[in-house]
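Heads up: the structure comes next, in structure tokens.
Residue numbers (UniProt numbering): 1 to 130.
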């Protein structure tokens, strides 16, 4: 309960689990902590050091922890989860599994948008998370 996302993180105890703290450290500025936020487009994580750091992270769909974007996927920082979700390498949106007469593929979730549309697709890697 002490590491509940509903409460701000203020660590004064030496008994706080170091792995829990490591998961919440901002990798961009190394001074702030990553905390949950709710914005106009949904939930995300941001750095507490907002004056100098503009880091924003996705929410992992499996465990609701922070998820760091790589080139083609977003990986959860939770050491017990480590789930990878595919993202579009062109626009950064989530990739979704689609079906066609030729089989399954990943398509950008921005496909159906009227503005800022993205038609990026790629093959589904074997063993890749949906």
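Just so you know, even glycine gets a beta-carbon here, dropped at the ideal spot from N, CA and C.
Residue burial classification, residue 27 (beta-carbon count within 10 angstroms, cutoff 16):
exposed
Where does residue 96 fall in DSSP's three states?
strand
Enumerate, from N- to C-terminal direction, the unbroken beta strand (DSSP E) stretches of 3 or more residues contained entirely within the region 30-75.
34-39, 42-47, 56-59, 66-69
Tell me where the beta strand (DSSP E) around residue 107 begins and ends.
103-108
Using DSSP with H/G/I as helix, E/B as strand and the rest coil, what is residue 137?
Past the edges of the chain, shown from 1 to 130, lies residue 137, and the structure says nothing about it.
Return the first residue and the last residue of the beta strand (DSSP E) that residue 122 is part of.
121-123
From this set, 67, 105, 49, which residue's C-alpha is nearest residue 30's C-alpha?
49
By the 10 Å Cβ neighbour count, where 16 or more other Cβ atoms means buried, how is residue 52 classified, buried or exposed?
exposed
Give me the residue from 84, 92, 116 with the minimum Cα distance to residue 56.
92
If you check the beta carbons only, do residue 76 and residue 95 fall under 8 Å apart?
no
Residue from 113, 84, 78 whose Cα sits closest to the Cα of residue 125:
Of 113, 84, 78, the residue nearest in Cα terms is 84.
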